[in-house]
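**Student:** Residue numbers (my numbering), protein chains in the order written: chain W, 4 to 305; chain E, 46 to 555. Heads up, the beta-carbon is just placed ideally off N, CA and C, and yes, glycines get one too. Note that this is a predicted model, so its numbers are computed, not measured. Dropping the structure in here first, questions after.
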């Protein structure tokens with residue numbers, strides 16, 4: 004029970020810290036002081052206190068989009084174990100629900116974008132679903148590898164397997180899916196090199212283009228939801244990474260949260276040392292993630 | 046020298062000739078001479094309308110730049126009535142000029158392929174090419190746009206209000222998926238009526254209007270205006286004044302070029318160069334402020350020389366800051382060239398072939414990026430550039446990378462030039478009094494501003510007042526180049542193409 008409460012508290016409170024840490028890392032690389040790491044918390048609170056503007060052309064889909072997206076992300080967050088403890092929701096086959104909760108969120112985000120009738124939002128939605136088609140199979144191949152290693156079809160034992168059932172034979176597949184999942188993490192959380200969360204250029208946006216018309220509390224919910232998505236997918240990546248870390252039993256305890264923050268630092272470093280990809284080249288990166296994960300599966304079953 | 050040039054009066058940059066020595070040809074010959082001139086390697090620097098002494102006529106003036114001979118060629122023709130045959134189909138460079146004449150004077154160029162307003166303003170005469178009634182409100186970008194029809198073709202409209210802190214302009218894309226088939230640009234939001242206001246000048250306001258033609262090109266426009274004033278008065282700026290103008294002009298170029306490279310880097314989400322260049326641009330602007338108290342060089346360039354002399358101590362400080370700036374800029378910008386993920390975003394994007402650059406009459410870094418060695422400082426030298434040379438920086442590929450790299454080369458050349466000028470600053474007065482303009486003269490001045498050629502043409506009446514003052518900013522030549530660069534490109538690459546041209550909206554809109 005206590006573990007469940009801690010899980011829920013972390014899932015609700017920690018997410019905005021991650022974009023804050025990324026922004027701080029990028030500021031450090033650029034030679035600036037940068038805003039406080041808690042700035043995203045202030046931003047979300049500020050947005051929630053504002054009124055909103057609804058376009059006359061929009062319908063209930065427009066405001067339902069962010070809310071359903073947040074709800075789906077939250078539910079998915081309850082299925083991923085944070086550290087050593089089991090996730091609050093775990094059952095055989097939950098990985099399917101997990102993956103399609105994100106698909107549901109994507110469906111409603113893009114529908115809300117199309118609902119505005121704006122050219123920018125339509126382009127953003129088209130890009131989002133195109134790239135989503137490529138990151139989803141990569142995720143499933145990674146799950147197949149973990150299912151094979153753990154011998155189960157439930158996320159908690161699957162994600163605990165790299166740390167608990169580590170063996171020399173699974174090193175290579177784990178390393179390959181770690182790379183693949185990290186690329187999926189960058190793509191799904193709209194980071195460089197796939198997307199640029201800081202840009203003001205509508206024509207180059209993917210995720211940001213879809214939420215241009217959302218304001219006030221709806222925008223706050225979107226910010227919060229995307230931070231939470233980063234925490235959920237980041238935890239998944241870290242569970243695989245644990246297999247390669249020394250003292251992994253210790254790191255699976257409360258230090259897991261420190262690892263999450265360090266992951267945000269790594270994302271910040273990636274964003275600071277490279278430019279984003281040309282839009283036409285983004286699929287190449289996502290296909291490479293798919294290849295990494297599928298080769299991992301082939302290696303495992305050969 | 047080919048035969049067409051006998052139809053023109055020849056003058057050099059910053060020179061004036063008697064108005065009656067500008068040959069008034071009949072229109073057919075005027076057009077034939079322009080076409081022959083352009084075929085012979087000249088560029089159309091200006092083509093504009095003005096009042097004619099003939100009743101019910103409009104006088105068209107053309108100024109061609111013959112870069113090979115370091116000469117400017119001018120001629121005129123009278124158009125009676127409200128229409129004349131268009132030249133655009135034979136000479137694409139006059140496309141925008143003919144639209145401008147149509148808008149300002151209500152003269153219809155018959156057979157013009159795409160006759161639309163340039164700035165969406167009323168004509169200076171009682172004629173209107175588009176038959177708009179007097180009580181109709183004229184708003185920019187309202188009207189027909191080029192359209193592509195078909196399944197999966199979609200239209201994207203961007204602006205006039207943009208997300209960044211930039212000037213207003215409207216961009217209409219015809220796209221097929223992510224690919225741009227066609228881009229049409231509609232401007233005019235920044236129109237302030239400067240050409241109209243300058244009529245009857247020069248007066249106390251003139252120099253201030255000129256300095257605000259295009260905010261970041263203050264020094265280049267002010268230098269062109271001062272050269273016109275000096276040419277009309279028949280005197281010259283002091284040697285020291287000319288050297289200080291040259292320093293300010295190159296500082297202006299450096300500041301914007303550094304800012305542009307930083308902005309390009311920011312648009313591809315490469316932060317280190319973007320952040321550092323933003324700061325270094327400020328350092329360069331502060332060097333201009335060191336000379337005159339204004340970061341954009343306002344008040345510095347004045348007829349007869351410069352408004353502020355610089356003492357030895359100030360020059361030593363400038364040199365010290367220049368050294369520091371060179372080091373910082375080199376680190377920040379070379380980091381960009383070494384980052385392959387950023388460079389690959391610039392390569393083979395938004396390429397303009399050299400032949401198209403010639404045909405459209407592109408100027409400045411956009412032209413030099415295609416391999417055209419086209420630079421007023423070398424081709425039509427005036428002022429300090431008569432005695433001090435700056436190498437012409439070119440690239441071959443004509444893409445975003447080439448336009449960015451040409452800027453980097455020009456930054457380095459500018460630093461070397463300024464250092465040279467500081468070390469050899471002529472003694473003497475910074476400014477000499479300039480007498481009133483001589484009556485009935487025709488004067489042309491070209492200055493290589495940071496975006497390319499800035500052209501000022503003045504015509505004076507019997508009392509020495511401007512009856513026409515024509516300003517052609519480099520942006521007026523180059524906006525069609527940006528539209529061309531987007532053909533078959535990805536729409537998501539528009540921002541870097543746009544930044545690589547970095548054209549001025551208010552310089553175009555006047």
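(1) If contacts are defined as beta-carbon pairs under 8 Å, then residue 301 (chain E) and residue 495 (chain E) qualify, I think. What distance do you get, rounded to the angstrom?
(2) Rank E:454, E:263 and E:335 by C-alpha distance to the C-alpha of residue 382 (chain E) and give the top, closest one.
(3) By the three-class DSSP mapping on this structure, what secondary structure does residue 244 (chain W) have?
(4) Sorted by chain position, which residues of the same chain lie with C-beta nearer than 8 Å to residue 46 (chain E)'s C-beta, five sequence neighbours on each side aside?
(5) Can you name the residues that DSSP bridges to residue 111 (chain E)?
(6) Would the region 232 to 246 of chain W count as touching the region 164 to 177 of chain W if we require 3 or more Cβ pairs under 8 Å?
(7) Report the neighbours of residue 275 (chain W) on chain E: residues whose CB is nearer than 8 Å to its CB, in chain order.
(8) I want to know whether the region 512 to 521 of chain E touches the region 176 to 190 of chain W - three or more CB-CB distances under 8 Å.
(9) Is the region 490 to 504 of chain E close to the region 410 to 427 of chain E, with three or more CB pairs under 8 Å?
(10) For residue 4 (chain W), is the classification buried or exposed, using 16 other Cβ atoms within 10 angstroms of its Cβ as the cut-off for buried?
(11) In or out: residue 119 (chain W) buried (at least 16 other Cβ within 10 Å) or exposed?
(12) Taking 8 Å as the threshold (beta carbon to beta carbon), is residue 185 (chain W) in contact with chain E?
(13) Do the region 126 to 139 of chain W and the region 166 to 176 of chain W touch if we need at least three Cβ pairs shorter than 8 Å?
(14) When DSSP labels each residue in this structure, what does residue 46 (chain E) get in the three-state scheme?
(15) List, in order along the chain, the chain E residues whose C-beta lies closer than 7 Å to that of residue 132 (chain W)?
(16) Quick one: what's residue 230 (chain E) bridged to in DSSP?
(17) Hey, residue 555 (chain E) and residue 240 (chain E) are a contact pair by Cβ (cut 8 Å); roughly how many whole angstroms apart?
(18) Between which two residues does the beta strand (DSSP E) carrying residue 60 (chain E) extend?
(19) Per DSSP, which residues does residue 493 (chain E) bridge with? Please list them.
(20) Determine the closest residue to residue 248 (chain E) out of E:532, E:127 and E:271, with distance taken between C-alpha atoms.
(21) Nearest to residue 428 (chain E) by alpha carbon, out of E:212, E:294 and E:510?
(22) Any idea if residue 545 (chain E) is buried or exposed, counting beta-carbon neighbours within 10 angstroms, 16 or more meaning buried?
(23) What does residue 539 (chain E) touch in chain W if you count any residue whose Cβ is under 7 Å from its own?
(24) List the residues that DSSP assigns as beta-bridge partners of residue 515 (chain E).
(25) The region 385 to 400 of chain E: which residues have C-beta closer than 7 Å to a C-beta of chain W, in chain order?
(26) Anything in chain E within Cβ reach of residue 283 (chain W), meaning under 8 Å, just list it in chain order.
(27) Measure the CB-CB distance between residue 69 (chain E) and residue 123 (chain E) and report whether it falls below 8 Å.
(28) Indicate the three-state DSSP secondary structure (helix, strand or coil) for residue 263 (chain E) in the structure shown.
(29) Any idea if residue 14 (chain W) is buried or exposed, counting beta-carbon neighbours within 10 angstroms, 16 or more meaning buried?
(30) Is the shortest distance between the beta-carbon of residue 196 (chain W) and the beta-carbons of chain E less than 8 Å?
(31) Taking CB distances under 8 Å as the criterion, tell me whether residue 49 (chain W) reaches chain E.
(32) Under 7 Å Cβ-Cβ, which residues of chain W neighbour residue 313 (chain E)?
(33) For residue 98 (chain E), is the classification buried or exposed, using 16 other Cβ atoms within 10 angstroms of its Cβ as the cut-off for buried?
(34) Give the straight-line distance between the Cα atoms of residue 270 (chain W) and residue 142 (chain W), rounded to the nearest whole angstrom.
(35) Check the Cβ-Cβ distances between residue 199 (chain W) and every residue of chain E, and say whether any is below 8 Å.
(36) Enumerate, from N- to C-terminal direction, the unbroken beta strand (DSSP E) stretches of 3 or more residues contained entirely within the region 125 to 208 of chain E.
**Tutor:** Checking against the coordinates, here is how it stands:
(1) Counting from one through the second chain, the residue named residue 301 (chain E) turns up at place 256. Counting from one through the second chain, the residue named residue 495 (chain E) turns up at place 450. Contact holds; Cβ gap of about 5 Å.
(2) If you number the second chain from 1, residue 382 (chain E) lands on position 337. Nearest option by C-alpha distance: E:454.
(3) What you label residue 244 (chain W) is simply residue 241 of the first chain in a count that begins at 1. Looking at residue 244 (chain W) - three-state DSSP - the assignment turns out to be helix.
(4) Your numbering for residue 46 (chain E) matches position 1 in the second chain. With a pLDDT of 45 at residue 46 (chain E), under the threshold of 50, the modelled position of this residue cannot be trusted; read the value that follows with caution. Counting only Cβ-Cβ distances below 8 Å, and skipping sequence neighbours, we find 114.
(5) Locating residue 111 (chain E) in the second chain gives position 66, counting from the first residue. Answer is E:116.
(6) yes
(7) Position 272 of the first chain holds residue 275 (chain W). Those within 8 Å of residue 275 (chain W) in chain E are 316 and 317.
(8) no
(9) yes
(10) The residue given as residue 4 (chain W) occupies position 1 in the first chain. Per the 10 Å Cβ criterion, exposed.
(11) On the first chain, position 116 is the one that residue 119 (chain W) refers to. With 16 or more other Cβ atoms within 10 Å, it is buried.
(12) Walking along the first chain from the start, residue 185 (chain W) turns up at place 182. Residue 185 (chain W) does not count as touching chain E.
(13) no
(14) Here residue 46 (chain E) corresponds to residue number 1 of the second chain, with the count starting at 1. Caution applies to residue 46 (chain E), whose pLDDT of 45 falls short of 50 and renders its modelled position unreliable; the model cannot decide the point.
(15) If you number the first chain from 1, residue 132 (chain W) lands on position 129. None at all; the shortest Cβ gap to chain E is about 13 Å.
(16) Sequence index remark: in the second chain, residue 230 (chain E) carries index 185 (1-based). Per DSSP, E:216.
(17) As a first step, residue 555 (chain E) is located in the second chain; it is residue number 510 there, counting from the start. As a first step, residue 240 (chain E) is located in the second chain; it is residue number 195 there, counting from the start. With 8 Å as the limit, residue 555 (chain E) and residue 240 (chain E) qualify as a contact, their Cβ atoms being about 6 Å apart.
(18) The residue labelled residue 60 (chain E) in the question sits at position 15 within the second chain. Per DSSP, residue 60 (chain E) belongs to the beta strand (DSSP E) from 60 to 63.
(19) For the purposes of this step, residue 493 (chain E) is taken as residue 448 along the second chain, with counting starting at 1. DSSP lists E:498 as partners of residue 493 (chain E).
(20) Looking up residue 248 (chain E) in the second chain gives position 203. Checking every option, the nearest Cα to that of residue 248 (chain E) belongs to E:271.
(21) The sequence position of residue 428 (chain E) within the second chain is 383, counting from 1. Checked all of E:212, E:294 and E:510; the closest Cα to residue 428 (chain E) is E:294.
(22) The sequence position of residue 545 (chain E) within the second chain is 500, counting from 1. Residue 545 (chain E) is buried by the Cβ-count criterion.
(23) Start at 1 with the first residue of the second chain, and residue 539 (chain E) comes out as number 494. Residues of chain W passing the Cβ test: 206.
(24) Taking the first residue of the second chain as 1, we reach residue 515 (chain E) at position 470. Per DSSP, E:502.
(25) 386, 387 and 390
(26) For the purposes of this step, residue 283 (chain W) is identified with residue 280 of the first chain, where counting begins at 1. Going along chain E in sequence order, the residues near residue 283 (chain W) (Cβ under 8 Å) are 223 and 535.
(27) Residue 69 (chain E) sits at position 24 when you count from the first residue of the second chain. Residue 123 (chain E) sits at position 78 when you count from the first residue of the second chain. It is a contact, given that the beta carbons lie within the stated cut-off.
(28) The count along the second chain starts at 1 and reaches residue 263 (chain E) at position 218. DSSP places residue 263 (chain E) in helix when its eight states are reduced to three.
(29) Walking along the first chain from the start, residue 14 (chain W) turns up at place 11. It counts as buried.
(30) For this step, residue 196 (chain W) is matched to residue 193 along the first chain. Yes, because at least one Cβ of chain E sits closer than 8 Å to the Cβ of residue 196 (chain W).
(31) Sequence index remark: in the first chain, residue 49 (chain W) carries index 46 (1-based). No - not a single Cβ of chain E is within 8 Å of the one on residue 49 (chain W).
(32) On the second chain, position 268 is the one that residue 313 (chain E) refers to. Under the 7 Å cutoff, chain W gives 278 and 279.
(33) Walking along the second chain from the start, residue 98 (chain E) turns up at place 53. Result: exposed.
(34) Indexing the first chain from 1 puts residue 270 (chain W) at position 267. Indexing the first chain from 1 puts residue 142 (chain W) at position 139. The alpha-carbon atoms of residue 270 (chain W) and residue 142 (chain W) are separated by roughly 19 Å.
(35) Counting from one through the first chain, the residue named residue 199 (chain W) turns up at place 196. Answer yes: the Cβ-Cβ gap between residue 199 (chain W) and chain E drops below 8 Å somewhere.
(36) 128 to 130, 153 to 155 and 198 to 203
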